[in-house]
Structure formats: C-alpha cells, structure tokens
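The sequence shown maps to residues 162 to 485 in the numbering used here.
From the three backbone atoms N, C-alpha and C, an ideal C-beta is built for every residue, glycine too.
Below is one structure, written out as structure tokens; the observations come after it.
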Amino acid sequence: MFIPHNGCPQRCSYCNQKSISGASYQPTPDDVRSAIKIAVDSLKENTANAEIAFFGGSFTAIDREYMIALLDAAYPYTDRFKGIRISTRPDCIDEEVLSLLKNYRVTSIELGAQSMSDEVLLSNERGHTADDVRIASRLIRDYSFELGLQMMTGLYRSDDMLDMMTAEEFIQLDPSTVRIYPTVVMKNTRLALLYERGAYAPQTLDQAIDLCASLIERFTDCGIRVIRVGLHDSETLRRDMITGPFHPAFRELCESRMMYKILLEKLQQSGKHRAFVAVSPRFVSKAIGHKQENLRKLRSLSYDITIVPDPSLDDFQVTVKDEG
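Shown next, in the form of structure tokens:
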C-alpha cells in the first residue's frame with residue numbers, strides 16, 4: 162500500500178515521488194482492508210510467505226492517529242501473513258515508535274538511507290546524517306525487526322567510490338535486505354535545475370549497470386538479499402523523467418553484466434575458445450545478454466560458445482564443456 166510523500170519533512174534534491182510511484186491518493190483504513198482482502202483471495206494459502214506493506218512515505222513520521230488507523234486496519238489480518246513491512250526515514254525511528262510497531266506485528270522496517278556520506282546527504286537535502294542511519298539500524302535490530310536498507314547510486318556530489326563505501330557501511334550494519342536505486346532526474350526537482358545548469362551529470366546507463374552489478378555481487382557474497390534494483394516502471398515515471406540510467410529491465414541488465422564476467426573468467430580458465438557453456442535454465446537469457454550483447458562481446462575476443470541449460474546448476478553457476 163503506497164502512502165505517497167506523507168510524513169516526510171524534507172524535499173530531497175531528486176524527489177518527485179508522485180511521478181516515481183505514480184500515486185498521489187492517500188489511502189484510508191477501508192482501502193487497506195480492501196487491498197488485503199484482494200490479496201488473500203489472490204494468494205489463497207500462500208499468504209504465509211507474503212507481507213502487508215506500507216511504502217512511499219515515511220511511515221513513522223506521518224500523523225500518529227493516521228498511522229495507528231492504518232495499522233488497526235491491517236492488524237486483524239497479520240495472522241494470515243508473515244507480518245507487516247514499512248519504510249521510513251532513519252531520523253524517524255526511536256524506542257517509543259518501535260515498541261508501538263511491535264505491538265501491531267510489524268516485522269520488517271526499511272530505512273531510506275540513500276548514502277552514508279554526510280556530504281552527499283547534505284548536498285541532496287536529506288535532512289539526516291549517516292549517524293542517524295547507524296543509530297536507527299542498531300535500534301531496529303535490537304528490537305528484533307528485520308532490517309532493510311535502501312541506497313541510491315549516482316547522487317549529486319557522489320561517485321562510484323562513495324557509493325561502494327555506502328555499500329560497505331551497509332554490510333557492517335548487517336541488514337537482511339537491500340534495495341538499490343540509480344538516480345534519475347525528474348521534472349520539478351532541484352536536481353533538474355542542477356542538471357540544466359550543468360552542475361550535475363547523471364550516470365550513463367552503462368556506468369550504472371557496471372556499478373550496480375558490483376554492488377549486487379558484494380551484497381550477495383555477504384548473504385544480504387538484494388530485493389530491488391532500479392525504479393519500478395510506470396507511465397508517470399516515463400512522462401516526467403528528464404534523463405538518467407533508467408531501464409525497465411535494469412536488474413536483468415546488471416545480472417547479465419555479472420554473467421559476462423563469470424563467463425569470461427571460466428573460459429579463460431578452461432583455455433577453450435569453442436565450447437558449450439552450461440548455466441541454470443533461469444539464467445540462459447542473462448548469459449546470452451540483452452540483444453545477445455554477451456555473445457557479441459565474447460566473439461570479439463575469439464570465443465565461440467553455445468549456451469545450454471542445466472537444471473543441476475544454481476544461479477550464476479557456469480560449467481564449460483567441449484563441443485560435442
């Protein structure tokens with residue numbers, strides 16, 4: 162359930178949430194009950210693995226009576242679901258609100274941290290510090306909530322080194338999940354003005370793919386689930402986006418880039434230039450690459466391969482075999 166730009170005390174440099182989410186209507190408790198009933202009917206016996214979610218605003222900063230009314234609407238259904246997931250700001254977490262959320266069976270809290278560089282946070286008018294992220298994360302874990310952290314790449318006054326530093330700091334905070342959003346320039350934002358004045362240059366799509374592929378790999382190696390990469394595609398996003406590294410299949414492009422590196426490494430180790438390469442059936446398209454990009458790049462290095470599915474292999478596993 163989206164609660165668009167509600168509760169947030171800041172207007173960050175990049176923020177035009179109505180365009181990004183495509184939502185502007187503030188849901189009522191009846192809307193919450195209706196959405197949950199639809200989900201129950203749709204998921205049937207699979208609700209135990211699903212969550213009731215409140216996203217889009219800073220849930221713990223909205224009017225307290227409104228927040229409680231939404232939680233009151235959701236609470237009777239929590240025995241059918243895994244729990245309730247919310248998103249909020251790092252500076253809107255304290256022990257009092259965590260105790261309240263615990264009583265309503267909230268189980269997961271995601272923090273819109275975006276960066277762990279104070280200079281980047283200040284330059285983008287986030288209104289909180291990196292220490293706020295650290296303090297809130299530790300409190301959330303102390304209260305036994307599942308912690309999720311959200312980061313943005315390519316923000317104003319950031320770079321790849323600072324974004325990787327943010328990832329390393331996230332890893333130290335031991336979240337269960339992470340979301341990664343490359344920065345895009347939206348109309349009616351301060352970032353749009355900076356871009357028009359030449360003061361801000363967004364990442365190219367290729368630069369964002371390279372960086373985010375490295376981030377996915379790093380988080381995954383540390384046992385942290387990356388549950389979203391890239392903005393959700395919508396008509397309003399496409400209408401109001403000026404520029405930036407958006408692609409409707411952004412994660413697929415990142416994972417394809419990761420597969421290219423694995424393929425090249427395995428081929429170099431094998432010493433073979435003509436071979437069958439086995440991958441998980443789920444990863445055949447990622448191994449081939451968008452518009453066969455990976456095969457073309459490998460051919461340019463004199464590798465002639467045939468991708469074959471092998472159900473015994475896990476994601477990102479590759480086996481090189483002789484032709485025939």
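**OP:** Mind checking which residues open and close the beta strand (DSSP E) that includes Thr350?
**Re:** Per DSSP, Thr350 belongs to no beta strand (DSSP E) and is neither H nor E.
Original post:
Quick one, are the C-beta atoms of Pro343 and Gly405 less than 8 Å apart?
Top reply: Yes, the Cβ-Cβ distance between Pro343 and Gly405 is below 8 Å.
Original post:
Which residues in the same chain have their Cβ closer than 7 Å to the Cβ of Ala235, if we skip the five residues on either side of it in sequence?
Top reply: Answer for Ala235: Val193, Ile197, Ile213, Ile245, listed in chain order.
Original post:
Which residue from Pro442, Arg266, Gly315 puts its Cα closest to that of Asp240?
Top reply: Considering only alpha carbons, the answer is Arg266.
Original post:
Among residues of its own chain, excluding the 5 on either side of Leu262, which ones have a beta-carbon nearer than 6 Å to its beta-carbon?
Top reply: Same-chain partners within the cutoff: there are none.
Original post:
Per the contact definition of three or more C-beta pairs closer than 8 Å, is the region 318 to 334 in contact with the region 376 to 388?
Top reply: Taking 8 Å as the limit for Cβ pairs, the verdict is that the region 318 to 334 does touch the region 376 to 388.
Subject >> Any beta strand (DSSP E) of 3 or more consecutive residues that is wholly inside the region 307 to 385 >> reply: For secondary structure counted as the beta strand (DSSP E) over 3 or more consecutive residues, the region 307 to 385 holds these complete runs in sequence order: 307 to 314, 338 to 343.
Subject >> Pairwise C-alpha distance: Thr327 and Ile468 >> reply: Here the alpha carbons of Thr327 and Ile468 stand approximately 36 Å from one another.
Subject >> DSSP-derived helix/strand/coil call for Leu204 >> reply: Leu204 falls in the helix class under three-state DSSP.
Subject >> Reduced DSSP secondary structure (H/G/I, E/B, other) of Glu286 >> reply: Glu286: coil per DSSP, three-state reduction.
**OP:** Check the C-beta distance from Leu366 over to His408 and give it rounded, since I have them as a contact under 8 Å.
**Re:** Here Leu366 really is in contact with His408; their C-beta atoms are around 6 Å apart, less than 8 Å.
Original post:
Among Asp465, Met347, Cys373, Tyr304, which one has its Cα closest to the Cα of Pro400?
Top reply: Residue identity differs from the one stated: residue 400 is Arg in this sequence, not Pro. Out of Asp465, Met347, Cys373, Tyr304, Met347 has the C-alpha closest to the C-alpha of Arg400.
Subject >> Three-state secondary structure assigned by DSSP to Leu398 >> reply: Helix at Leu398.
Subject >> Closest residue to Ser319 among Phe215, Phe216, Lys458, Pro363 (Cα-Cα distance) >> reply: Closest option to Ser319, judged by alpha-carbon separation, among Phe215, Phe216, Lys458, Pro363: Pro363.
Original post:
How big is the Cα-Cα spacing for Val479 and Ala374?
Top reply: One Cα belongs to Val479, the other to Ala374, and the distance between them is close to 17 Å.
Subject >> Cβ pair Ala222, Thr249 closer than 8 Å >> reply: Yes. Within cutoff.
Subject >> With 16 other Cβ atoms within 10 Å as the buried cut-off, status of Thr268 >> reply: Thr268 comes out buried.
**OP:** In the DSSP assignment, find the unbroken beta strand (DSSP E) run with Phe411 in it and report its ends.
**Re:** For Phe411, no beta strand (DSSP E) segment is defined; the enclosing uninterrupted segment is the alpha helix (DSSP H) at 411 to 431.
Original post:
Where does Leu262 fall in DSSP's three states?
Top reply: Here Leu262 sits in helix by DSSP.
Original post:
By Cβ distance below 7 Å, which residues in the same chain neighbour Lys458 in space, the five residues on each side in sequence not counted?
Top reply: The residues are Tyr421.
Original post:
Roughly how many angstroms separate the alpha carbons of Ser446 and Gly391, rounded to a whole number?
Top reply: Each residue's alpha carbon lies about 19 Å from the other.
**OP:** Identify every residue that forms a DSSP beta bridge with Thr404.
**Re:** Listed as beta-bridge partners of Thr404 by DSSP are Val346.
Original post:
Just how far apart, CA to CA, sit Lys242 and Val201?
Top reply: Residue 242 is actually Phe in this sequence, not Lys. Rounded to the nearest whole angstrom, the C-alpha separation of Phe242 and Val201 is 9 Å.
Subject >> Same chain only: Cβ atoms within 7 Å of Asp475, ignoring 5 sequence neighbours per side >> reply: Within the same chain, and ignoring the five residues on either side of Asp475 in sequence, the residues whose Cβ sits closer than 7 Å to its Cβ are Ser441.
Subject >> Residue of Ala211, Ile254, Glu206, Thr397 minimising C-alpha distance to Asp293 >> reply: The shortest Cα separation from Asp293 among Ala211, Ile254, Glu206, Thr397 belongs to Ile254.
Subject >> Host beta strand (DSSP E) of Arg443 (start-end) >> reply: Per DSSP, Arg443 belongs to no beta strand (DSSP E) and is neither H nor E.
**OP:** Please determine, among Leu300, Ser337, Arg412, Ala274, the residue with the shortest C-alpha to C-alpha distance to Ile385.
**Re:** Checking every option, the nearest Cα to that of Ile385 belongs to Ser337.
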